[in-house]
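Worksheet: one structure, shown below.
Numbering (this note's numbering), first residue to last: 2 to 274.
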């Protein structure tokens, strides 16, 4: 495994983020199972409860994992292509969770004769899901299709990274709006302003999500915790184990070169076809 600067601090930050992610999932499940009507798919309130559960589990926690998966130093032994598939797979599952959560909301609203898309939370939430889908499609097209020009990949990478982090932060903000909106509508006796146990419990959930998001963004933006380029990793592996990874075919060699271009921002020649 390649050395990482401030490795102990990275482990502490990563462990804290993991704990907060798990605790957030426990909190949202506790909220819907204890304070609400549980989970079901019957057009009632219990169907709506899938919305916060799937958003927290998939659109926030799973997406957070997808963002930092490249930063895990024990994953650096695997090729960049392998990590791309893992990154894309986690994002795809998070997107599926988000879509199902939206279906649950529309289903519940239609059954209860509640208007759809009237609040700022719903506008921003649907926008986030659509943009996330666009980001997913562009990511697949740019980085998992071998024929995409290296120059396109290098040029698009800053946009891909920035939009991913922006969407992640925005989704947490939209989730907080949804949590507050739900508490204001649902709590009538006592009211939200009277701070009943459910209100305090769910406010803590919102706080946990903010801190989780902050830790994920911290890990993702530390330059010293970035995955080294494939060339550096290759030379480190070669120093340890001699000629270990020369058995890749032409297509893999091409992808390896493209990975270097993404990591260094330089355009490299495409050879070994």
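Using N, Cα and C, we set each Cβ at its ideal position, and we do this for glycine too.
Note that the structure is predicted; figures quoted are calculated from it, not measured.
Here DSSP, grouped into helix, strand and coil, assigns residue 37 to coil. Following the DSSP letters along the chain, one finds residue 204 inside the alpha helix (DSSP H) bounded by residues 198-222.
Residue 122 and residue 186 have their C-alpha atoms some 13 Å from each other. For residue 114, the three-state secondary structure derived from DSSP is coil.
The C-alpha of residue 126 lies about 31 Å from the C-alpha of residue 83. Comparing alpha carbon positions, the residue from 52, 42, 69 closest to residue 16 is 69. Per DSSP, reduced to three states, the secondary structure at residue 192 is strand. Of the residues 26, 113, 85, the one whose Cα lies closest to the Cα of residue 147 is 85.
Between the alpha carbons of residue 154 and residue 213 lies a gap of roughly 30 Å.
In the DSSP annotation of this structure, residue 5 is not part of any alpha helix (DSSP H), being labelled neither H nor E. Take the alpha-carbon of residue 102 and the one of residue 225: they are about 36 Å apart. Looking at 73, 9, 62, the one whose alpha-carbon comes closest to that of residue 227 is 73.
Taken in chain order, the unbroken stretches of alpha helix (DSSP H) that lie wholly in the stretch 71-129 and span 4 residues or more are 81-112. Residue range 64-69 is occupied by the alpha helix (DSSP H) that includes residue 65. With 16 or more other Cβ atoms from the protein chains shown falling within 10 Å of its own Cβ, residue 54 counts as buried. Of the candidates 50, 188, 26, 26 places its Cα closest to the Cα of residue 205. For residue 58, the CB contacts under 7 Å within the same chain, skipping 5 residues up- and downstream, are 26, 98 in chain order.
One thing to note: residue 65 has its Cβ no nearer than 9 Å to the Cβ of residue 129. Distance between residue 209 and residue 21, taken at the CA atoms: about 6 Å. When C-alpha distances from residue 36 are compared across 117, 188, 142, the shortest belongs to 188.
About 26 Å separates the CB atoms of residue 105 and residue 141; that is not less than 8 Å, and the two are not in contact. Here residue 61 really is in contact with residue 172; their C-beta atoms are around 6 Å apart, less than 8 Å.
With contacts defined as CB atoms closer than 9 Å, residue 218 and residue 166 qualify as a contacting pair.
DSSP, read as helix, strand or coil, puts residue 149 in coil.
Going by beta carbons, residue 96 and residue 133 fall inside the 9 Å limit. In the DSSP assignment, residue 57 falls outside any alpha helix (DSSP H) and carries neither an H nor an E.
For residue 24, the closest C-alpha among the options 223, 211, 221 is that of 211. Between residue 92 and residue 137, the CB-CB gap stays under 9 Å. When the Cα atoms are used, residue 43 and residue 183 turn out to be separated by approximately 19 Å.
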